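Structure record follows, encoded as structure tokens.
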Ligand code: GDD
Ligand code: MG
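Residue numbers (full-length UniProt numbering): 1 to 363.
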């Protein structure tokens, strides 16, 4: 990848509950959801590795015990991984402070911090170099979005200095937002109070700016996505399968469809638009699946049309059903002739009878 900084340590924030992704996150934490065929974090780990990161401390809380079985000591990724768990969630700042106990870095060293739900094409090495060159306290990766109200709004002056940090403000002053990847000078992490609930977005960053420390913005316009909502999660998987963001962790060639081992796709089915088909999943003849995520052991029956949707583990979409922009929970059955659209979520194990839901506006 573009440029690397060997030996860099990182903290990965993975303790959030992923509430916006329910029911997918009822049994699996957001960072472990299968995305383009592998747990989401595999893409972030592989990219960090490619930029020279060698040691990553996971800051875990929600479903903390599920991370180590998934990634172990990191050897399979060419990384050394450690797991630091909060007894109760400490917020983003408290989590960083807690995880930092496991770092080897000295007070003046740069430490990379990553939100665990971001796909980003930016050059991490370049961000770290900008941080070092300006001797910043913290350097924030910034990107631009259409709706900044859902993010941390980050205005900067002409030198790149961050002048305010406005988390989820209804009145954003710029479209430039916090992209969830920080370089902290280690001593700045140590100044976060230990064992307390702290938000970096609402407390640490505004506090550093107020006290005159250099908080620097590193802005770019490469690929960027927070996969924290169902629509964004599906988009992330689709973009990885299509190759819109390069990931060393993609378990196959890029293309219209990525099928895992044991998937059975009828030659008379149309599966395209960056769809990921899980292990042993079945797509029957005459079905159309576009830009979607079919998890392991799921079934799409003949004549069904699935678009921009997630079909959970072992779930079944019956014949002639339309599923668009929807989430079907694990093990759910959507009976024949239904139309599910507009962000509908079917809870795990639910069995929807034949023709129970239709959208008259679309008929
Ligand atoms: N360990 C731990 N403990 N991790 C946590 C906790 C906690 O108490 N709370 C949140 N996290 C982790 C989440 O797992 C996620 O990886 C990251 O911190 C950010 O939390 P989200 O819940 O995804 O926040 P957001 O998307 O609403 O906003 C954040 O990300 C935006 C960019 O995507 C903020 O940093 C915004 O300022 C930013 O714009
Ligand atoms: Mg997020």
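The beta-carbon is built from N, C-alpha and C at its ideal position, and this holds for glycine as well.
Keep in mind it's a predicted model, so treat the numbers as computed, not measured.
Looking only at its chain, what residues have a beta carbon closer than 7 Å to the beta carbon of residue 1, apart from the 5 residues adjacent to it on each side?
Looking up residue 1 in the chain shown gives position 1. Caution is warranted here: a pLDDT of 48 is assigned to residue 1, below 50, making its placement in the model unreliable, and no coordinate value can be reported.
Is it buried or exposed for residue 143, if we count other Cβ within 10 angstroms and need 16 for buried?
On the chain shown, residue 143 is found 143 positions in, with the first residue counted as 1. By the neighbour-count rule (16 or more Cβ atoms within 10 Å), residue 143 is buried.
Under the three-state reduction of DSSP, which class applies to residue 43: helix, strand or coil?
Counting from one through the chain shown, the residue named residue 43 turns up at place 43. Helix, per DSSP.
Rounded distance between the beta-carbons of residue 7 and residue 54, thought under 8 Å:
Counting from one through the chain shown, the residue named residue 54 turns up at place 54. Counting from one through the chain shown, the residue named residue 7 turns up at place 7. Rounded, the Cβ-Cβ distance is 6 Å, consistent with contact.
Reduced DSSP category for residue 1 - H, G, I as helix; E, B as strand; rest coil:
Walking along the chain shown from the start, residue 1 turns up at place 1. Low confidence applies here, because residue 1 scores a pLDDT of 48, under 50, leaving its location unreliable and the question unanswered by this model.
With a threshold of 7 Å (Cβ to nearest heavy atom), would residue 376 be considered close to the ligand MG?
Outside the displayed span of the chain (1 to 363) sits residue 376, for which this structure offers no information.
Could you pull out every residue in the same chain whose Cβ sits closer than 8 Å to the Cβ of residue 368, ignoring the five residues on either side in sequence?
Residue 368 lies beyond the range of the chain shown here (1 to 363); nothing can be said about it.
Which residues mark the beginning and the end of the alpha helix (DSSP H) in which residue 98 is found?
Mapped onto the chain shown, residue 98 falls at position 98. Per DSSP, residue 98 belongs to the alpha helix (DSSP H) from 91 to 99.
Report the residue from 357, 309, 146, 217 whose alpha carbon sits nearest the alpha carbon of residue 132.
Residue numbering aside, residue 132 sits at position 132 when the chain shown is read from its first letter. Checking every option, the nearest Cα to that of residue 132 belongs to 217.
Could you check if residue 75 is buried or exposed, using at least 16 other CB atoms within 10 Å of its CB as the buried criterion?
For the purposes of this step, residue 75 is taken as residue 75 along the chain shown, with counting starting at 1. Answer is exposed; the Cβ neighbour count stays below 16.
Which of the three DSSP states is assigned to residue 205 in this structure?
Looking up residue 205 in the chain shown gives position 205. Helix, per DSSP.
Quick one: what does DSSP say residue 82 is sitting in, helix, strand or coil?
The residue given as residue 82 occupies position 82 in the chain shown. In this structure, residue 82 counts as strand in the three-state DSSP scheme.
What runs of the beta strand (DSSP E), each 3 residues or longer, lie entirely inside the stretch 162 to 194?
176 to 185
What three-state label does DSSP hand residue 149 in the structure shown?
Taking the chain shown and counting its residues from 1, the one referred to as residue 149 is at position 149. Helix.
Residue 335 to residue 291, Cα distance in whole Å?
Taking the chain shown and counting its residues from 1, one reaches residue 335 at position 335. Taking the chain shown and counting its residues from 1, one reaches residue 291 at position 291. So the alpha carbons of these two residues sit roughly 22 Å apart.
Under a Cβ-count criterion, where at least 16 other Cβ atoms within 10 Å of its own Cβ denotes burial, should residue 125 be classed as buried or exposed?
In the chain shown, counting from the first residue as 1, residue 125 sits at position 125. Answer is buried; the Cβ neighbour count reaches 16.
Do you know offhand how far residue 321's Cα is from residue 20's?
The residue you call residue 321 lines up with position 321 of the chain shown. The residue you call residue 20 lines up with position 20 of the chain shown. Distance between the alpha carbons of residue 321 and residue 20: 25 Å.
By the three-class DSSP mapping on this structure, what secondary structure does residue 282 have?
Residue mapping note: residue 282 aligns to position 282 of the chain shown, counting from 1. If DSSP states are grouped into helix, strand and coil, residue 282 belongs with the strands.
Where does the unbroken alpha helix (DSSP H) through residue 67 begin, and where does it stop?
The sequence position of residue 67 within the chain shown is 67, counting from 1. That run of the alpha helix (DSSP H) goes 67 to 71.
Let me know if residue 101 comes out buried or exposed under the rule of 16 or more other beta-carbons within 10 Å of its beta-carbon.
For the purposes of this step, residue 101 is taken as residue 101 along the chain shown, with counting starting at 1. Residue 101 should be labelled exposed.
Less than 7 Å between the CB of residue 115 and some heavy atom of the ligand MG, yes or no?
As a position in the chain shown, residue 115 is number 115, starting the count at 1. Residue 115: yes, Cβ under 7 Å from the ligand MG.
In chain order, what residues of the same chain lie with their CB nearer than 8 Å to the CB of residue 134, ignoring the 5 residues before and after it?
The residue you call residue 134 lines up with position 134 of the chain shown. Once the five neighbours on either side are set aside, the close Cβ partners of residue 134 are 160, 214, 216.
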